[in-house]
Amino acid sequence: MQKAIYQSVFNNKVLFTFILLILLLAPLFLSDFRLNLLGKFLAFAILAIGLDLLWGYTGVLSLGHGIFFGLGAYCMAMYLKLEATGGKLPDFMTWSGMQELPLIWLPFQYPIVAIILGILLPAAIAFLLGYLTFRNRINGVYFTILSQALVLVVVTLFIGQQNITGGTSGVTNFETFFGFHVNSSSTQTVIYLITVVVLASVFLGCRKLVKGRLGNVLVGVRDGENRMRFLGYNPSNYKTFVYTLSGGLAGLAGMLFVLQVGIISPTMIGIIPSIEMVLWVALGGRGTLIGPVIGAVFVNAAKTGFSESYPEYWTYFLGALFVIVVVFLPKGLMGLVEMIQERRRKVDVKQSGIKESNIKESSSVEVEKNYS
Amino acid sequence: ADNAANATDPEEDETETETEETTETEETSSEDEDTIKVGILHSLSGTMAISETSVRDSELLAIKEINENGGVLGKQLEPIIEDGASDWPTFAEKAKKLLQQDEVATIFGGWTSASRKAMLPVVEENNGLLWYPVQYEGMEASPNIFYTGAAPNQQIVPAVSWLLENRGTKFFLLGSDYVFPRTANAAIKAQLEAEGGELLAEEYTPLGHTDYNTIIAKIKSEQPEVIFNTLNGDSNVAFFKQLSDAGITSDDITVLSVSVAEEEIKGIGADVIEGHLTSWNYYQTTDTPENEEFVANYKAEYGDDAVTADPIEAGYFGVYLWAKAVEAAGTTDVDAVKEAAKGIEFDAPGGPVKIDGDNQHVYKTVRIGEVRSDGQIDELWNSGEPLKPDPYLEGYDWASELSEALSQ
Amino acid sequence: MLKLQELEAGYDESMVIRDIDLQVKDNQVVCIMGRNGVGKTTLLKTIMGILPPKKGKVIYMDTDITKKRPSHRAKQGIGYVPQGREIFPKLTVYENLLVGLEAGTEKKIKEDVYTYFPILKDFKKRNGGDLSGGQQQQLAIARALVANPSFLLLDEPTEGIQPNIVQEIQEVILDIKRTSQTSMILVEQDLEFVKNVADYIYVIDHGSVVYEKAVDEINDDEVYHYLSV
Amino acid sequence: MTQIILTLFNGLSLGSILLLIALGLAITFGLMNVINMAHGELIMIGAYVTYVMQNLFLNYAPQQYFDLYFILSIPIALLIAAGVGMILEFSLIRFLYRRPLDSLLATWGVGLMLQQLARSIFGAPNVGVQSPSFLNGGLEVGTLLFPYSRLFIIGLSIVCLVSIYYYFYRTSSGRRVRAVMQNRQMAECLGVSTRKVDLITFAIGSGFAGVAGCALTLLGAIGPTIGTNYIIDAFMVVVVGGVGALFGAVAGALGIGFFNTVFEYVTNASLGKVLIFLLIIAFLQWRPSGLVTSRSRSLD
Amino acid sequence: MSNSQVLKSPTSKSQAVLKSKKITVDFSGFKAINELDFEVNRNTVHFVIGPNGAGKTTLLDVICGNARVSTGKITFNDKHDLTKMSENEIVDQGISRKFQAPSVFHHLTVYENLEIAMKQKKNLFSIIKANNNQEDERKLEDMLELIGLTEEKDNLAGSLAHGQKQWLEIAMVLMQEPDLVLLDEPIAGMSKSERKKTGELITKVAKERAVLIVEHDMDFVKDYADVVTVMHEGQLLFEGSMEDVQKDSRVREVYLGRKVD
Ligand SMILES: Nc1ncnc2c1ncn2[C@@H]1O[C@H](COP(=O)(O)OP(=O)(O)OP(=O)(O)O)[C@@H](O)[C@H]1O
Ligand SMILES: Nc1ncnc2c1ncn2[C@@H]1O[C@H](COP(=O)(O)OP(=O)(O)OP(=O)(O)O)[C@@H](O)[C@H]1O
Ligand SMILES: NC(N)=O
Ligand SMILES: [Mg+2]
Ligand SMILES: [Mg+2]
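Chains as they are written, first to last, in this note's numbering: chain A, 1 to 372; chain B, 373 to 780; chain C, 781 to 1009; chain D, 1010 to 1309; chain E, 1310 to 1570.
Encoded structure:
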């Protein structure tokens, strides 16, 4: 309908291709360091897409995505570490008095296994937790807080089992990836490009998913879980599925993160980063898929920028950003775009003389009713 | 009309962020002839800020003093401050930024071993320099790091021996759950066995743990003579307050801490830790002319309430050691500076220090002290001379198994 | 008692009430009729102050209350029985009634409400949310009555109530009008009911008044004409 | 035997601390449905107030009155935290009543800023507060020693609990609060000034965070991040107890406190935390919406 | 309960699609439904009336799984015991309910609302693959036509007027092609003409299935009821045709009052 006018501008393949092209060409005009940062942000963006599926579309807010991210990251880190030590015991194990490689490290000698587990493991944990909670209709705030407690527990475990996990320090000091020197500029460029491609595929895949009937069912679950039951759906299955999927995506993001940052530690999977992840989605605009991508890049760029320019004051900026976005941009940056479009559209509508009563839009309706 | 997904792609915004990225890149440092950039990388936010901000302060003080005295190689030092935010990957990122983007001559930074381990591959990769100012667990000697805090043989090992001799043989090991306490305790256990001590129990609590009731109950039932305390940060406050509440004083059990210095005592409250012991290389009360001046300058800069402490001192003299090495090398080139740094000496506030060319640690004097009611620490014993750093504890038979395993 | 002047109101961009002029005299029951969705509830919300009007004035007892908050209006004696009951689900029936007292000067709950709706006395201690639909509706009416309002807004008060109690409610309305000199605006679908209690009726369509007359002069067919498309 | 009594006491003691922290949350979160992540920073404010009071007494009051500082700190911490709560409510929370998950994010941002503010004002390092002398030592019963500070906190949490209960369930002002929380618009239409109620309720919840902060100075570190150490546990207490149920919070606090102590005693502090979480998950399998649930018919 | 003979009209020979046996619903001591025996037959419009709080809504609740019985059994099509099933399983059996407050999905279009309601495999994997065939599209278009929302099909349901939402919701119930439709006060707040339209729709729908309606509007009941059950205090007070109901003195006393005749 009315949207058609703007679809040609905002929602077309040309633009998507254009952005993709810029990202693919970025290595030509960014310094190694900045490219590396951008790559990290794009890895975050993958996680943000998964989180948006869960929160924006399904109405489930997880404050525990750090651990899925972390699981993926640790899987990759374990492989990298074993590559670096040539299969020998990593240093932190020796300090902790280990004699030989613990069993759970063994599969990670093989990169393919590590990559597969990096997605499957977080997905499996998400599935388990999702199954146990959603099945019992533990919803809204309860789930959110549980997911947060889960972070606390997993982090405590990771720190406590330092003979296996490297404890607080995490795992770092890598050498090679598939035989290539992991920190060299060319390897990093390739990893960056892989990240871009993965992000694009994840985006397109998720988009296809939500454009189909599944997307509508998820919105239904979000806005009226009970109502969906009486339409014959079992909402807990859908929630568990999306939770699992987004857990897997978070793991994928974690792997790409480690490859580019060269370290994973519990600080990266704890409560604070988990909350920040949600902010990416909120700031970009939830329920839009593209918004969270923008949000992840924007928030992290802002964080980096602020903290480089104002190391003493950047937390003020970050805090203020949270507040401002939530209060003034409840629909995030995408909401802003929508508003601008709407305004332009209204002008057009007036010009083309469509009856105004036809364009009462969703904005007037209470969205949040079932969010909690 | 697929309003279901609201999928209007404003990829416009992404391009905006994109441009921001690029412009930032363009600001890349151009070699400035008049100054030498040095990086300062500590946690200014998050849980570690309680400790690290003071180290940053002392490093800035040293830089200021050096600049006032004409700088290094005739150039002024320009500190570039970054926040590690108590997050190790951030330490890695910021270290990379300082080295690649700002092209600093060296970095002074870190506190926790985790932050050091995060920066290590970055400084090695980029052939940078890092001056790390905190006592730690040893078992490391990176060619790109200078360790100005104590190695275990300059703090922990002598403390254990001293305790065995003076306070009793029954030990209770209490630490925060991370690499420093765990590794330190592994060494202590070996040492106790070798020197006739008795290990009653070994307990770890998560960083930030606040309730020590249960631990204290365990202490009461174990009845140790000595508690060797490797707790870090906030936990020390909770532990000492609750220990005192439980009616246990230094007369009953001696607690010796290796991560509690004057600054931490301010937060703990001297009344509850009075009489307990610490092991360090420096106290604010250390009686040297250099220290008198240092304390005075530090207070002049940061207020009369400010106290100095071992890591603060180590951060401070680290800057001087680097400056001397640069002067000696005549350049800030990393390899040249490293070469020149071998054997360099400096009269630090805590006594003379000297860089050990073998492992880039520092010769330091060990001092065991007792906390006074005003929160200052009285020295009970010192090693008499600066001890050679021995990060792998190679000089101790009982540690052979440990160090063998570590040298692979 | 109450005067609406050129009132316009709506939600965000959609205008629901357009240019309504309306008047309620002292001790008069005015009834508003109209098909679904024409804006009856919206009009009452605007009078109560829940919805800020975009234009026009609400004048109550000769003062302009257009900008006043709902709580202020309640304290001025306007009582409201909303469509959809709006019971406090986790307060007991008794507590629900006590909250009703907030607007008035009474300190205690009058016995008459229990006489009107005996079920409320039986279920005094039960949570409001556990009542059946009709019981909640009765509670909502009682809650508005305890404060002795001088002006009552009733939005489909008989919806979901069993027939014999609907008759009761007719009596109650007439009773209140008689004994407490209360004026009322009543939204109602049932013309019979309206004819029994109202003095004057307005029919609304597309947010505007399309028909108004004193009840004793109305012609059923005319009304039905406006009520069906 | 003594070991059992000691463990029980320690459990009770930990439980009372959790309760004291969770009480404020039970109001702002349980009752008002605002997920206030800055609650921890309100606790921090209470703690710093105590610190400032101590310093004022040290510098300006005669030595013999020094201990009074702590007694005075409690009401003052309550008032100041309540004041900050009011500012917070007025400037931010009131826009977010319908969006609990958004309130979480925004208040998290506020928390970040308050932490940094504390760093700017008091410096990043921890500050020390000396316990009043009458709370030093403990009550000796046979071989057992019950520290006065712990007993004091148990007492304080009971006092707070009772006053909160009385206020919300026995006064008309409390009833107004509950009405507003259940249906803001309707309460307004019945003559309740909801803005005032919101403001006051949030202030009360915040005030009790201040009291908790004051009490925490007896036990642990006072620094910018003091709140973050406790906040998750406090939320768990409210969740286990059942959102919106005061007595649930009591049961939740004591339960978590007790089991935590036992688990920690038989294993260690890290594993204890893990076990507690598993227990909570298991518990919620059995009671999905907390200990005390007030079922209400849900017509979609 | 002895009246149960009266209701069986000769056309629908004891084809009970739904049978409840001695069901009791207990709300912490209060029995909202008390040992109720109750049947609904195929192809009937079956009304349940009774005083406020009689347990009518609760009855619908237990049938569709929104509330649980403490004792008793409800069988559907003589096979399954509904009291053991989850809500969505009950829907799968062929029972759909319209709730009192219209609850359509505001953020989906009218068309999408119908689409997710449509009879189809509602498990995760079928939904991921779901695609409309021509048959489906025809059904959707027909339904839009029937409720008169063809024009609005691409508008968000949130922008519909109250009445239109009600209609949409009824349509969603019908899209599930259930054997038994449950309606709770479907015409509440509707004007006379709209009531008529709804009544006609219900009659049409009942040709292929049973419809169970709770309602207080006696005129409406009179016009469209095949069978009327009167409940009182959780039990069956009377069952029969509307005429019989109106004649019954107990019903008049507890429910209808003096006027209705
Ligand atoms: N919160 C809202 N946001 C947007 N539009 C609304 C809202 N509430 C009602 N509307 C719209 O306003 C119009 C008038 O609604 P209103 O509830 O006033 O009608 P009504 O005359 O009371 O109808 P009914 O007889 O069904 O109660 C309808 O088109 C409805 O869709
Ligand atoms: N959760 C509950 N707790 C306690 N009592 C309840 C609960 N739910 C319902 N009741 C009681 O059960 C009885 C039956 O309620 P129900 O809603 O079935 O009545 P109804 O016949 O639909 O009445 P109405 O015509 O008013 O809608 C009522 O007295 C109600 O108060
Ligand atoms: N090196 C330390 N104390 O972590
Ligand atoms: Mg209405
Ligand atoms: Mg009902």
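From the three backbone atoms N, C-alpha and C, an ideal C-beta is built for every residue, glycine too.
On the DSSP letters alone, give me the boundaries of the beta strand (DSSP E) that residue i sits inside.
i	result
H652 of chain B	Per the sequence shown, residue 652 of chain B should be read as Trp rather than His. Residues L649 to W652.
N601 of chain B	V598 to T602
N1350 of chain E	F1339 to N1350
R798 of chain C	S794 to V804
So which of the options has the shortest CA-CA distance to residue i?
i	options	result
I315 of chain B	B:D406, B:A434, B:T419 and B:G418	The structure shown does not extend to residue 315 of chain B, since chain B is modelled only from 373 to 780, so the question has no answer here.
Y874 of chain C	C:Y980, C:E788, C:L900 and C:E1002	C:L900
V119 of chain A	A:A126, A:N136 and A:L252	It is Ile, not Val, that sits at residue 119 of chain A in the sequence shown. Taking only the C-alpha atoms, the option nearest I119 of chain A is A:L252.
A73 of chain A	A:D91, A:V217 and A:F44	A:F44
P235 of chain A	A:G224, A:G287 and A:S31	A:G224
E1149 of chain D	D:L1160, D:Q1139 and D:S1142	D:L1160
R815 of chain C	E:E1424, E:W1476 and E:E1503	E:E1503
I839 of chain C	C:G914, C:L966 and C:I858	C:I858
G212 of chain A	E:Q1555, E:L1546, E:S1435 and E:G1457	E:S1435
Would you say residue i reaches chain C, if we count a Cβ-Cβ gap shorter than 8 Å as a contact?
i	result
P1487 of chain E	no
With a threshold of 8 Å between beta-carbons, can residue i be considered close to chain A, or not?
i	result
M1095 of chain D	no
F1272 of chain D	no
L628 of chain B	no
What I want to know is whether the C-beta of residue i ends up closer than 7 Å to one or more non-hydrogen atoms of ligand 7.
i	result
A1470 of chain E	Looking at this structure, you won't find ligand 7 anywhere; what it does contain is ligand 1, ligand 2, ligand 3, ligand 4 and ligand 5.
For residue i, decide whether its Cβ has a neighbour in chain D, counting only Cβ atoms nearer than 8 Å.
i	result
I294 of chain A	no
Please list the terminal residues of the continuous alpha helix (DSSP H) segment that includes residue i.
i	result
A26 of chain A	K13 to F29
D223 of chain A	R213 to D223
S274 of chain A	I271 to G284
I1036 of chain D	Element bounds for I1036 of chain D: n/a, residue is neither H nor E.
Three-state secondary structure (DSSP) at residue i?
i	result
E1542 of chain E	coil
D676 of chain B	coil
K466 of chain B	helix
R1377 of chain E	coil
I941 of chain C	coil
Do we get a CB-CB distance below 8 Å when we pair residue i with the residues of chain B?
i	result
N1238 of chain D	yes
I268 of chain A	Before going on, a small fix: residue 268 of chain A reads as Met here, not Ile. Yes - at least one Cβ of chain B is within 8 Å of the one on M268 of chain A.
Report the residues of the stretch 508-536 of chain B with a CB closer than 7 Å to any CB of chain A, ordered along the chain.
-> M511
Using a Cβ cut-off of 9 Å, which residues of the stretch 1118-1135 of chain D contact any Cβ in chain A, in chain order?
-> G1118, V1119, G1120, L1121, M1122, L1123, Q1124, Q1125, L1126, R1128 and S1129
Identify each residue in the stretch 1491-1506 of chain E for which the Cβ-Cβ distance to at least one residue of chain C is less than 7 Å, and report them in chain order.
-> E1494, A1497, G1498, M1499, S1500, K1501, S1502 and E1503
Positions along the stretch 952-968 of chain C whose CB lies within less than 9 Å of some CB in chain D | none
Contact set between the stretch 1390-1401 of chain E and chain A, restricted to residues whose Cβ is under 8 Å from the partner | S1395, E1396, N1397, V1400 and D1401
What residues in the stretch 546-564 of chain B have a beta carbon less than 8 Å from any beta carbon of chain A?
-> D549, Y550, V551, R554, T555 and A558
Determine which residues of the stretch 487-499 of chain B have a Cβ less than 7 Å from any Cβ of chain A, and write them out in chain order.
-> K489, A490, L492, P493 and E497
Of all the residues that make up the stretch 1148-1164 of chain D, which are near chain B by a beta-carbon distance shorter than 9 Å?
-> E1149, L1154, P1156, Y1157, S1158 and R1159
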